[in-house]
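Counting in the working numbering, the sequence shown runs from 500 upward without gaps. Positions of the beta carbon are idealized from the N, C-alpha and C atoms, including for glycine. Data first, discussion second: the structure below is written as structure tokens.
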Amino acid sequence: MIYIDQILLGNCTSIMSEMPHDSIAACITDPPYNYEFIGRKWDDKEINRRLERIKDSKTLVKNIPYGSGLAGGVRNDRWYERNRENTLEYINWCKEWSKLLFRICKQGAPVAVFNSTRTAAHVQVALEEAGFYTRDVLVYRRHSGIPKGLNLKRKLEKINHPDAKKWDGWHTCFRNEWESIVLVQKPLINNYWETLQKTGVGVFKTINKDGSFQSNIFEGYYDKSEKKFAHCTIKPLELIKKLILTLVPKSMENIVLDPFAGSGTTLVAAQQLGYHFTGIEIEIEYVKIIKERLFDNFQSTLELKIT
Ligand SMILES: C[S@@+](CC[C@H](N)C(=O)[O-])C[C@H]1O[C@@H](n2cnc3c(N)ncnc32)[C@H](O)[C@@H]1O
């Protein structure tokens, strides 16, 4: 079943398995970075434990991975073992959706996947194992980034330790200022030109309007107004628009997919640029936000399919 200009409520793994072969021109997506356990069917007990912990939170997605260094806990063998198990589960889950995504992409289709600097490698290897090949790892440079690790001096001051001053400036993390966008592509049909003629995708528009060659660092995209939509991992609309314009030649045949739509930034960007899109989101509350955003901008004939 092909879904044009629709939002689908459900698990992307089951929905993608029903979509036709070679039907998607590009995928621009932002899956959970292994911070968010909402919607992950493979660890219900853990999801429920974490949901209970955050039930009074204002945001729906707010969670902490074992490996982030933020979750606290004594770093004993058990801690590292749970962290390792969690990483392996995350990798397996990425492999599951990557394989399904590979089948439905057209040859030459670009797939751009946001991820944290900690977990991008997991996503990249999963996509490669599915059959995609890596073109680049783009940098999305953000403005802010607050170090959330341990300030050793402050910690020692709290317990009146005599060495507190000595450890001034020592911390456990860096200021996190960028996210990675793993860029892979489904293999071409012999070469770029043949692929482009047959599938309508394969090349990137890397010469900017001012004549400059697009760098693989994307910066200067920050839109405070987007924050009004209650999704804590929303991406700047202009950044997503730039990615679509760069990666996908415009054509009525080309559908842009986001299987982890969140508040729907990829779908809104595609709609505003006049591209066809398909969005999948597992949380009904986010689907409501997507509908609001899409209807906000256009008189859409959008349908909601519940799978
Ligand atoms: C990082 S957010 C995407 C945010 C989006 N880029 C935006 O600008 O709003 C990832 C989304 O994937 C959804 N999700 C997680 N697992 C899913 C699954 N198996 N199928 C579909 N959606 C899923 C989550 O509910 C979450 O909203």
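- With a cut-off of 6 Å, the C-beta of F759 is classified as near ligand 1, since at least one heavy atom of the ligand falls inside that distance.
- Collapsing the DSSP output to three states places I506 in a strand.
- Judged by DSSP in its simplified three-state form, C593 adopts helix.
- Judged by the Cβ position, P531 qualifies as a neighbour of ligand 1 at the 6 Å threshold, a heavy atom of the ligand being closer than this.
- Take K605, set aside five residues on each side of it, and the residues of its chain with a beta-carbon closer than 8 Å to its own are D521, S522, I523, A524, K685, T698, G699 and V700, in chain order.
- Its chain contains I527, I739 and D757 as the residues whose beta carbon lies nearer than 6 Å to that of T765, once the 5 sequence neighbours on both sides are disregarded; these appear in chain order.
- Rounded to whole angstroms, the Cβ separation of D635 and N715 is 5 Å, and the two are in contact under 8 Å.
- Straight through space, the alpha carbons of D709 and T586 are spaced by roughly 43 Å.
- In the DSSP annotation of this structure, the continuous segment of the alpha helix (DSSP H) that includes V622 starts and ends at A619 to A629.
- Pairwise C-beta distances place the segment 615 to 631 out of contact with the segment 652 to 671, as fewer than three of them are shorter than 8 Å.
- H642 sits exposed, since fewer than 16 C-beta atoms from the chains shown fall within 10 Å of its C-beta.
- DSSP places Y721 in the coil class of the three-state scheme, outside both helix and strand.
- The beta carbon of Y639 sits no closer than 6 Å to any heavy atom of ligand 1.
- Counting of Cβ neighbours within 10 angstroms places T671 among the exposed residues, the total staying below 16.
- As computed with DSSP, V683 is found in a beta bridge with V610 and T633.
- For K734, the Cβ falls inside the 6 Å cut-off from some heavy atom of ligand 1.
- Counting along the chain, L655 sits inside the alpha helix (DSSP H) bounded by residues L651 to K657.
- Considering only P661, E678, L736 and Y632, the residue with the shortest C-alpha distance to L687 is Y632.
- The count of Cβ pairs closer than 8 Å, one atom from the segment 591 to 606 and one from the segment 658 to 670, stays below three, leaving the stretches out of contact.
- For E784, the three-state secondary structure derived from DSSP is helix.
- Bounds of the beta strand (DSSP E) holding T528 are A525 to T528.
- Annotation for E752: A524 and G699 place their beta carbon closer than 8 Å to its own, counting only its chain and skipping 5 residues before and after.
- The closest heavy atom of ligand 1 lies 6 Å or more from the beta carbon of E517.
- Residue pairing by DSSP places L695 opposite no residue, since no beta bridge is assigned to it.
- In the structure shown, the three-state DSSP call for Y532 is coil.
- Taking a C-beta distance under 7 Å as the contact criterion, D529 and K734 qualify as a contact pair.
- Going by C-alpha positions, R574 is about 21 Å away from W666.
- Buried is the label assigned to T732, since at least 16 other Cβ atoms lie within 10 Å of its Cβ.
- Placement of the Cβ of I680 at a distance of 6 Å or more from every heavy atom of ligand 1 is found.
- According to DSSP, residue pairing for Y774 in a beta bridge does not occur.
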